[in-house]
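Notes for the one structure printed next.
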Amino acid sequence: MRNLTMLTDLYQLTMMNGYYKNGKEKDTAVFDLFFRRNGIITYSVVAGLEQALEYVRDLRFTEEDIEYLKSLNLFDEWFLNKLREFRFTGDIYAVPEGTIVFPEEPILTVRAPLCEAQLLETTLLNIVNHQTLIASKAAKVAYAAKGDAVMEFGLRRAQGPDAGLYGARAAVIGGCGSTSNILAGEMFDIPVAGTHAHSWVMNFPSEYEAFSAYAKCYPDACLLLVDTYDTLKSGVPNAIRVFDELRKAGHEPKGIRLDSGDLAYLSKRARVMLDEAGYPDAVICASGDLDEYLITSLKNQGAKIDLWGVGTKLITSANMPALGGVYKLSSLIPESGEEIPKIKLSDNSDKITNPGFKQVYRIYDNKTGKAEADLIALREEEIETDKPLTVFHPKETWKKTTFTDYTVRPLSVKVVENGKQIYKEPTLKEIVSYAEKEKETFWDEYKRLDNPHVYKVDLSQKLYDMKNNLISEIRNKNG
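Rendered as structure tokens:
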């Protein structure tokens, strides 16, 4: 991965310079990276940690970077020399990739000297926001497919090469089984998939000749795109004709792909034609501006589709093009060592942050093994599972639930200590396996696309009291 140190907003450097000039470089800060409620998000699947850690490991300003910054005439030589020496020396806590998370829950927590923690903001948000967004969209698409394989087809519609590359990685974490993106396949060991385009068919004198030529090239991987001219009158009949020739030569076809038209009607008619011709195992693949809602509709209409190629609306997360993740200061520890919790206030209650150095605990029902609630607590707190645990709604506090037979799991783990990575990164296959198991621990009511049940994310009593005391103190002081 290339060095991304300069991939940041200018104000990160102007603030760093100001912190140094005001003697705050020895203060330690705690920042949380999380996303807010926005009316669309129900849950998200964490992705991007591997690339975030690569970024932190490679943090260093080159001489070319220093010369460019010098040309801005904003920074003196003393600060530029500080940048020459810059390395990250703090700690980072993170929720592993593939974990399901909810609004307000810290995905990453950075505890480091103030200037170091400040610099990380923009790039960490860029990496984690994007991959978590696409992984979450893919999870919803895979849920709609109900066990059918989903292929990620979005490279040509992605907003640039990086979005296509890392979007493919994130899509696989979310639930896609393969990608059309060859570079993603090479870099991340993702299965690649694809057949031919309409242009292949148009480059031959007839549809039959195009299909026949393709079958000769790939006799054991023959999946034909049948909608170039007329799906039912020529496409499927010509595919069957070529399939018969393949079978006579000792090969079995893979199936057909539909890319346009009434996919429910066409797939049902094509299924009948393939079955009657003796090809009940030939798959029907569909593509063409699919998303979780169209897939659900097609399923409800009885469409005979076995394999889904999802591109534009997945790789761009078309209905929600940004996760909206933020990076907020939650504690400041001056050189004296006493931690000072910090909070951002707003007239919009959803934008009031949670103070303190925190951990998120997931509560599981011992009888079902299912996740029932999350508790955001201060990191110093311990959950005693031999005692009843009552959680309450942070705003509508009369809503309470008490757990008696339960276990808890802390979601975030320490990944960087004193600037050194201590976390052994799992392979992508291990992340995918973990993500699938993670999804199985949640009831379908929380994962459904329409009107999902609200998953409980509550604050510990200690954190709740700290938050409200800070709000009162600040409002009284600024009266």
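1 is the number of the first residue of the sequence shown in the numbering used here; add one for each residue after it. Yeah, the Cβ is synthetic: ideal placement off N, Cα and C, and Gly gets one too. Owing to the predicted nature of the structure, the values given are computational and were not obtained by experimental measurement.
- Message: Between the alpha carbons of GLU445 and LYS439, how many angstroms are there, rounded?
- Response: So the alpha carbons of these two residues sit roughly 12 Å apart.
- Query: Are CYS285 and GLY255 close, meaning C-beta to C-beta below 8 Å?
  - Reply: When the beta-carbon positions are compared, CYS285 and GLY255 come within less than 8 Å of each other.
- Proximity below 8 Å, CB of ALA138 to CB of GLY175: Yes. Within cutoff.
- Item | Cα-Cα separation, GLY164 to LYS140 | Approximately 19 Å between the Cα atoms of the pair.
- Distance between ASP281 and ALA29 (C-alpha atoms, nearest Å): If I take the Cα positions, the gap works out to 59 Å.
- Message: Less than 8 Å between the beta carbons of LEU33 and ILE107, yes or no?
- Response: Closer than 8 Å, so yes.
- Query: With a cut-off of 8 Å, does the C-beta of GLU207 fall near any C-beta of chain D?
  - Reply: Here chain D cannot be found, since the structure has a single protein chain.
- Is the stretch 264-277 close to the stretch 215-225, with three or more CB pairs under 8 Å? Under the three-pair Cβ rule at 8 Å, the stretch 264-277 does not count as touching the stretch 215-225.
- Ordered list of alpha helix (DSSP H) runs contained in the stretch 39-82, each at least 4 residues: Counting only runs of at least 4 residues, the stretch 39-82 fully encloses the following alpha helix (DSSP H) elements, listed from N- to C-terminal order: 49-57 and 63-71.
- Task: Output the distance between the C-alpha atoms of LEU53 and GLN421, rounded to the nearest integer angstrom.
- Result: Separation of LEU53 and GLN421 (C-alpha to C-alpha, rounded to the nearest whole angstrom) is 8 Å.
- Query: In whole angstroms, what is the alpha-carbon distance linking ASN81 and LYS24?
  - Reply: Between ASN81 and LYS24, the alpha-carbon positions lie close to 17 Å from each other.
- Taking 7 Å as the cut-off, does the CB of GLU121 come closer than this to any heavy atom belonging to the ligand ADP? Although the ligand ADP was asked about, the structure shown includes no ligands whatsoever.
- Query: Buried or exposed: ASP99, going by 16 or more other Cβ atoms within 10 Å of its Cβ?
  - Reply: Here residue 99 is Thr; the residue named in the question, Asp, does not match the sequence. Result: buried.
- Item | Beta carbon of ARG84 nearer than 8 Å to that of PHE61 | Result yes, Cβ atoms of ARG84 and PHE61 sit closer than 8 Å.
- Item | Sequence-distant residues of the same chain with beta carbon closer than 8 Å to LEU263, five excluded per side | Result list for LEU263: ALA286, GLY288, LEU298, ALA303 and ILE305, in chain order.
- CB-CB length for LEU428 against ASP189, believed under 8 Å: So it is a contact: roughly 6 Å between Cβ atoms.
- Message: Can you list, in chain order, the residues of its chain with a C-beta nearer than 8 Å to that of ASP244? Leave out the 5 residues immediately preceding and following it.
- Response: In the same chain as ASP244, and ignoring 5 residues on each side of it, the C-beta atoms closer than 8 Å to its own belong to ALA277, in chain order.
- Query: At a cut of 8 Å, does the stretch 450-460 reach the stretch 68-82 through at least three beta carbon pairs?
  - Reply: Judged by Cβ distances under 8 Å, the stretch 450-460 makes no contact with the stretch 68-82, as fewer than three pairs qualify.
- Could you give the DSSP three-state label for PHE486: helix, strand or coil? Coverage of the chain is limited to positions 1 through 479, which leaves residue 486 absent and any answer about it impossible.
- Query: How big is the Cα-Cα spacing for ASP374 and ALA144?
  - Reply: If I take the Cα positions, the gap works out to 25 Å.
- Where the beta strand (DSSP E) containing ALA371 begins and where it ends: First-last of the beta strand (DSSP E) with ALA371: 371-378.
- In whole angstroms, what separates the C-alpha of VAL56 from that of GLU430? Straight-line Cα distance between these residues: approximately 23 Å.
- Message: GLY369 and THR296 - do their beta-carbons sit closer together than 8 Å?
- Response: Not a contact, by the Cβ cut-off of 8 Å.
- Message: Within the continuous alpha helix (DSSP H) that includes MET15, where are the two ends?
- Response: First-last of the alpha helix (DSSP H) with MET15: 10-21.
- Answer yes or no: do GLU116 and PHE31 have a C-beta to C-beta separation smaller than 8 Å? Using a Cβ distance threshold of 8 Å, GLU116 and PHE31 do not count as a contacting pair.
- Would you call the stretch 200-212 and the stretch 220-230 in contact, with 3 or more CB pairs under 8 Å? Taking 8 Å as the limit for Cβ pairs, the verdict is that the stretch 220-230 does touch the stretch 200-212.
- Query: Are the beta-carbon atoms belonging to VAL413 and ALA112 less than 8 Å from one another?
  - Reply: Pairing VAL413 with ALA112 gives a Cβ-Cβ distance that is not under 8 Å.
- Residues sharing a beta bridge with TYR361, DSSP: According to DSSP, which records beta bridges pairwise, TYR361 is partnered with LEU375 and PRO410.
- Query: With respect to the beta strand (DSSP E) encompassing THR401, which residues constitute its N-terminal and C-terminal limits?
  - Reply: Per DSSP, THR401 belongs to the beta strand (DSSP E) from 400-403.
- Query: What are the boundary residues of the beta strand (DSSP E) that PRO113 is part of?
  - Reply: Looking at the DSSP string, the run of the beta strand (DSSP E) that includes PRO113 is 108-113.
- Task: Throw me the rounded Cβ distance for the ILE41 and GLU97 pair, which I believe falls under 8 Å.
- Result: A Cβ-Cβ separation of about 18 Å leaves ILE41 out of contact with GLU97 under the 8 Å criterion.
- Query: TYR434 bridges to which residues according to DSSP?
  - Reply: DSSP, once it has assigned bridges, lists no residue as partnering TYR434.
- Item | Integer-rounded CB distance, given that LEU119 should sit under 8 Å from ASP27 | With 8 Å as the limit, ASP27 and LEU119 do not qualify as a contact, their Cβ atoms being about 14 Å apart.
- Query: How about GLN359 and PRO410: do their beta carbons lie closer than 8 Å?
  - Reply: Here GLN359 is near PRO410, since their CB atoms are less than 8 Å apart.
- When DSSP builds the beta bridges, which residues end up paired with SER287? DSSP output for SER287 lists GLY309 as bridge partner(s).
- Query: What whole-angstrom Cβ distance do ARG257 and LEU223 have, given they're in contact under 8 Å?
  - Reply: Contact holds; Cβ gap of about 6 Å.
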